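Numbering of the sequence shown is given in full-length UniProt numbering, commencing with residue 1 and proceeding in unit increments.
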Amino acid sequence: MTDADPTAQPVRILTICTGNICRSPAAERLLRTHLDGVEVTSAGTGALVGEPIHPPMAALMTRAGIDADGFTARALASEHVRDADLVLALTVSHRSQAVVAWPGALRRTFTLRELARLAEHVGSDVLGEGTTADRLRALVPLAIRARGVVRVPPEDDDVVDPYRRPDAVYTQAYATIEDAVRRLAAVVTP
């Protein structure tokens, strides 16, 4: 991670999707809810800058008890990637775009589903004692090493884009994000 005493700082997580009005804000708010010791922001590679969370996604979040208010979409900038301790993309393409924006982020950039899967492979026992933030910091290099061991088709790492699609697709996208966040939290939460 980046600061002199990283354990004294929260883990800075950036979530990335296309418009920054559906998937990445849902991931942002779910990660904030399920992980202690993190600061989570989001951005879009083709952001609808200034827009709130899209109403169908906001409704799903609200129904699940996740705050969807006060959100404003923003465009992905290289400094967002540079300043994040962990970058979680919602598709393989978004992951690639993050690394293009800041190549130094390669070893801390995953798709959300990929990191959840790798976290389960690594397991909670090897993350040591400490806070959720400490354990999340410990997970990142272990997950990088596990990348070559746990192989799946790249499409298994993507969360479907629900924008302007039927409500069932929003439900599917939200459920996929929530599942990945819960799986990750189960491993890194002491």
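Positions of the beta carbon are idealized from the N, C-alpha and C atoms, including for glycine.
In this text, all values refer to a predicted model and were calculated from it rather than measured experimentally.
Item, Value
"Classify I13 as buried or exposed, calling it buried when 16 or more other Cβ atoms lie within 10 Å of its own Cβ.", "buried"
"Measure the beta-carbon distance from E51 to T41 and round it to whole angstroms, keeping in mind my assumption that it falls under 8 Å.", "The Cβ separation is near 16 Å, so there is no contact."
"Let's see if you can read the secondary structure: which residues bound the alpha helix (DSSP H) around L142?", "T132 to A146"
"Report the option in L184, A175 and G104 whose CA atom is closest to the CA atom of V159.", "A175"
"Given a threshold of 16 other Cβ atoms within 10 Å of its Cβ, counted over all protein chains shown, does T72 qualify as buried or as exposed?", "exposed"
"What are the start and end residues of the alpha helix (DSSP H) that includes E51?", "Where E51 is concerned, there is no enclosing alpha helix (DSSP H), given that its DSSP letter is neither H nor E."
"Any idea which residues DSSP pairs T41 with across the strands?", "L14"
"Taking the CB atoms as reference points, tell me whether L81 and A47 lie closer together than 7 Å.", "A small fix is needed here, since residue 81 is Val in this sequence, not Leu. Not a contact, by the Cβ cut-off of 7 Å."
"With a cut-off of 8 Å, do at least 3 Cβ pairs link the segment 180-187 to the segment 141-151?", "no"
"What residue from L86, M57 and D67 has the CA that sits closest to R137's CA?", "L86"
"Quick one: give me the first and last residue of the alpha helix (DSSP H) that V152 is part of.", "Where V152 is concerned, there is no enclosing alpha helix (DSSP H), given that its DSSP letter is neither H nor E."
"Excluding the 5 residues flanking T171 on each side, which residues of the same chain have their C-beta closer than 6 Å to its C-beta?", "none"
"Where do the N-terminal and C-terminal ends of the beta strand (DSSP E) with L88 fall, by residue?", "L86 to A89"
"Answer with buried or exposed for R164, where buried requires no fewer than 16 other C-beta atoms within 10 angstroms of its C-beta.", "exposed"
"At 3 residues or longer, and completely inside the segment 67-131: list those beta strand (DSSP E) runs for me, N to C.", "86-89 and 109-111"
"Leaving out the 5 sequence neighbours to the left and right, which residues in its chain are closer than 6 Å to L142 when beta-carbon positions are compared?", "V122"
"Tell me whether D67 is buried or exposed, calling it buried when 16 or more other Cβ atoms sit within 10 Å of its Cβ.", "exposed"
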